[in-house]
Every structure is written in structure tokens, then in C-alpha cells.
Amino acid sequence: MIISLVGYMGSGKSHISKILSEKLNFKLIDLDKEISRRNKLTIPEIFEKKGEIYFRKLERETLEEILATQENIILSLGGGTPVYYNNMEIINHNSKSVFLKASVNTLSERLSKQKEKRPLIANIPDENLPEFVAKHLFERNIFYNKAQFSVNTDLRTPEDIVNEIIEKLYL
Numbered sequence: 001m002i003i004s005l006v007g008y009m010g011s012g013k014s015h016i017s018k019i020l021s022e023k024l025n026f027k028l029i030d031l032d033k034e035i036s037r038r039n040k041l042t043i044p045e046i047f048e049k050k051g052e053i054y055f056r057k058l059e060r061e062t063l064e065e066i067l068a069t070q071e072n073i074i075l076s077l078g079g080g081t082p083v084y085y086n087n088m089e090i091i092n093h094n095s096k097s098v099f100l101k102a103s104v105n106t107l108s109e110r111l112s113k114q115k116e117k118r119p120l121i122a123n124i125p126d127e128n129l130p131e132f133v134a135k136h137l138f139e140r141n142i143f144y145n146k147a148q149f150s151v152n153t154d155l156r157t158p159e160d161i162v163n164e165i166i167e168k169l170y171l
């Protein structure tokens, strides 16, 4: 079984996927890290040197390869992955998809502490971050909401979130 975690940056995909993989004893794959490893470049370097279209093509190819395996995997996807091509349909067809849902306030609060690691928001002043997140989230929610399951992450412990995911997937 492959469990794919989707959601906006700051929703907790990396953190939750790590705990979930340990609890279920599944292999953990972070799609962005896998793309970086295979190409020996960071994601920002790929964007800078080859452009976003090239990156999205690599992302799609890597996604298809991972989803074609027969392993037990927790797959943490990039925030933009479900938005391109028909990625969300492929994700749903080949895995159990879970949307980690968080409010604009929660996301803005978390992201304001991570701006140096997030090129997309690095230059956005903190006071403008909620507006940026709200607009971006509005555009992407149509894709995230196609996930088979949705789990709210606002004001919840990672353990509670992981337990709800397991409950939803195995009931």
C-alpha cells in the first residue's frame, strides 16, 4: 500500500509522514528529496538552472515510478505536485491519498518561522504572508480536495493526526 500525503507547504506533510512511516513500518519517500537525490541538485537549483517546466516533468516521472512500485510507502508530496498535469488522478488511482488540511492562520504562523527554507515565500513580509497563503491555498484547494481522505491539522498533536489517518485508512 502507498499512502500519499498532500497539502500546502507548512501543513505538516514531512513531519507527519516521518511519524506515520515509523508507526506503520512503511518506507518513507519525500518526493522533493527523491528528485534532488536523483538529479544531484536541490529543488531551487533545478528551478534556477533548468526552469519550472523541466522540474514539473521530473516530478511527474519520479511520481509515476514511485507509484508503480509494490512496496509499502508513505509518500510525502510537494505542495504543488497535485496541481500539475493529472497528477492528482494518478495519485488517487495508485495510492490512498490524504489531504493534511490547515487554516490560513495556522499555515501563516508555521511558515513565518520557515521562510529561509521556502523560496516561494522568502521575500514576502510577514504581514503580507496570510494574504499570499490565502490566495495560493484558494487556487490549490480544488486539487487538494480531490484526495480520498482529509485530516485537519489545526491545533492538534502529530500523534493525534497520525492516529486519525490510520483510523480512516484501516476502517
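Under UniProt numbering, the residue at position 124 of the sequence shown is numbered 124, and the numbers go up by one with no gaps. Idealized CB from N, CA, C, for every residue including glycine. Quick caveat, the model's predicted, so the values are computed rather than measured.
Delimiting residues of the beta strand (DSSP E) encompassing residue i
i: S4; result: 2-6
C-beta contact flag for residue i and residue j at 7 Å
i: G7; j: L100; result: yes
i: D154; j: S97; result: no
i: S95; j: S14; result: no
i: I29; j: I73; result: yes
i: L129; j: S112; result: yes
i: L77; j: L24; result: no
i: E71; j: K27; result: yes
Strand pairing of residue i, partner residues [DSSP]
i: V151; result: L100
i: K27; result: I73
Span of the alpha helix (DSSP H), counted from its first residue to its last, around residue i
i: V83; result: From DSSP, V83 is part of no alpha helix (DSSP H); its letter is neither H nor E.
i: K49; result: 43-50
i: D160; result: 158-170
i: K135; result: 129-144
Residue environment, residue i, which counts as buried when at least 16 other CB atoms sit within 10 Å
i: Y144; result: buried
i: E167; result: exposed
i: residue 225; result: The first residue shown for the chain is 1 and the last is 171, placing residue 225 beyond what the model contains.
i: I142; result: exposed
i: G51; result: exposed
Spatial distance of residue i from residue j (CA atoms)
i: E65; j: A147; result: 20 Å
i: L75; j: I53; result: 22 Å
i: P119; j: F55; result: 15 Å
i: I165; j: V151; result: 7 Å
i: K57; j: K18; result: 26 Å
i: N123; j: V133; result: 13 Å
i: K33; j: E127; result: 30 Å
i: K88; j: P125; result: Correcting the residue type first, residue 88 is Met in the shown sequence and not Lys. Spanning the two alpha carbons is a distance of roughly 31 Å.
i: N92; j: Y84; result: 14 Å
i: E59; j: T81; result: 7 Å
i: E48; j: I161; result: 35 Å
Cutoff 7 Å: residue i Cβ touching any chain B Cβ
i: V151; result: Protein chains in the displayed structure number just one, and chain B is not present.
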